[in-house]
Amino acid sequence: MISEGSSFIKGMVLGAVFCLLLSIMGSFSPIQPSSSDGEEEHHHHHVIAPSNKDMQKLTEAQMLELGQKVRVYCIIMVTPKILVYWAAANDTWAKHCDKTAYYSSESSKALESIDLQEQDEWTRIRKALTHAYENAGDLRWFFMARPTTFAIIENLKYLILDKDPTQPFYLGRSQNSGELDYVEYDSGIVFSYDALKRLMEVLKNEDLCPERGRALWKVSEEKQLAICLKYAGVFAENGEDAHGVTLFNSQSINTLITESIAQNPDKVLETCCSDMAISFSGMSPSQMQVMMYGVYRLRPYGHDFHDSMMFLPPKGSDND
Numbered sequence: 000m001i002s003e004g005s006s007f008i009k010g011m012v013l014g015a016v017f018c019l020l021l022s023i024m025g026s027f028s029p030i031q032p033s034s035s036d037g038e039e040e041h042h043h044h045h046v047i048a049p050s051n052k053d054m055q056k057l058t059e060a061q062m063l064e065l066g067q068k069v070r071v072y073c074i075i076m077v078t079p080k081i082l083v084y085w086a087a088a089n090d091t092w093a094k095h096c097d098k099t100a101y102y103s104s105e106s107s108k109a110l111e112s113i114d115l116q117e118q119d120e121w122t123r124i125r126k127a128l129t130h131a132y133e134n135a136g137d138l139r140w141f142f143m144a145r146p147t148t149f150a151i152i153e154n155l156k157y158l159i160l161d162k163d164p165t166q167p168f169y170l171g172r173s174q175n176s177g178e179l180d181y182v183e184y185d186s187g188i189v190f191s192y193d194a195l196k197r198l199m200e201v202l203k204n205e206d207l208c209p210e211r212g213r214a215l216w217k218v219s220e221e222k223q224l225a226i227c228l229k230y231a232g233v234f235a236e237n238g239e240d241a242h243g244v245t246l247f248n249s250q251s252i253n254t255l256i257t258e259s260i261a262q263n264p265d266k267v268l269e270t271c272c273s274d275m276a277i278s279f280s281g282m283s284p285s286q287m288q289v290m291m292y293g294v295y296r297l298r299p300y301g302h303d304f305h306d307s308m309m310f311l312p313p314k315g316s317d318n319d
């Protein structure tokens, strides 16, 4: 009897400890905005570039005006230890941004950057987005990327050509984690001016969007950003072409082609990537140089390209 009573008491104690542990862990979990007022429906939707038919309806004057109106501020997050990637991005696709700023964890004498004096990635992202927002001038679109990302800025501009930056756009390659939709950091993230404006207000509220994580486990930067944006009423959107193929890729083009050859040898290009792809991730410096050659320099002699839109590079730029 004594043994049975002792076992019962031990069980009660262990159960109480287990419940207490669950309670503590729950209190440290990342804050998720609760659904209210009928917000349980799926907010994620798809952003598709304008069709060729829509573009053909515009006059040359209208197209020229649009081409000059869509301008992008590129936010490239760097650290001195990946200087070779930083230099490659600076020498290739970053030239095609209307304004490029490199945000570093510490000062570097090799390349010009904005020293955030911060090692924590999430805190650096907060500081970088705040600085970009405050120094955007008349630019109304923002593209945040890692230095291992290769982006085709002209295709990005075409995607957002008919979008209103005074609306809360937050897009890229969207993914789902439970009830949270977020945009993958590796494939690049696009923000409208209004999306950042709303985010700036939420960043002031430590209860909704803490600068330092409070969870027992680490929440990824891309998910923490999505949580804060969700509180601001800004939801993740997937950028894709007219066929539903994603424009933002979280892998390198070499990996995508290799996988496509193995899985769909008869339709390698059709199943690999969109013709209007905007970004590829995990690119080496040499791969970036090859991409520059293929995207901007290689042309078959005797063929003319009749894209209806033309995006002019910034004045004084040495863009290809």
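Those letters in the sequence shown? Residues 0 to 319, per numbering that gives the first Met the number 0, in order.
All C-beta atoms in this analysis are idealised placements derived from N, C-alpha and C, irrespective of residue type, glycine included.
Remember, predicted model here, so these are calculated numbers, not experimental data.
Around the beta-carbon of Y181, 16 or more other beta-carbon atoms lie within 10 Å, marking it buried. Contiguous beta strand (DSSP E) elements confined to the segment 231-300 occur at 236-239, taking only those with 3 or more residues.
Taking a contact to require three or more Cβ pairs closer than 8 Å, the segment 108-121 and the segment 231-246 do not qualify as touching.
Sequence-distant Cβ neighbours of R139 in its own chain, meaning closer than 6 Å and more than five residues away, are P164, Y192. Here D90 carries a helix assignment [DSSP, helix/strand/coil]. In chain order, D240, V244, L246 place their CB closer than 6 Å to the CB of S273, counting only its own chain and leaving out the 5 sequence neighbours on each side. Of the residues L65, F168, W92, the one whose Cα lies closest to the Cα of K229 is F168.
Counting only the Cα atoms, I75 lies some 15 Å from G171. Excluding the 5 residues flanking it on each side, T91 has same chain C-beta neighbours closer than 6 Å at M287, M291, in chain order. Secondary structure at Q55: helix, using DSSP grouped into helix, strand and coil. For L138, no beta strand (DSSP E) encloses it, and the DSSP letter there is neither H nor E. In the structure shown, Y184 falls within a coil segment according to DSSP collapsed to helix, strand and coil. In the three-state reduction of the DSSP assignment, I159 falls in the coil class. Cβ contact annotation for L82 (same chain, cutoff 8 Å, sequence separation greater than five): S107, A109, L110, in chain order. Per the Cβ contact rule, the segment 257-266 is not in contact with the segment 188-206 (fewer than 3 Cβ pairs under 8 Å). The continuous beta strand (DSSP E) containing I75 extends over residues 71-77.
Beta-bridge partners assigned by DSSP to K98: Y72.
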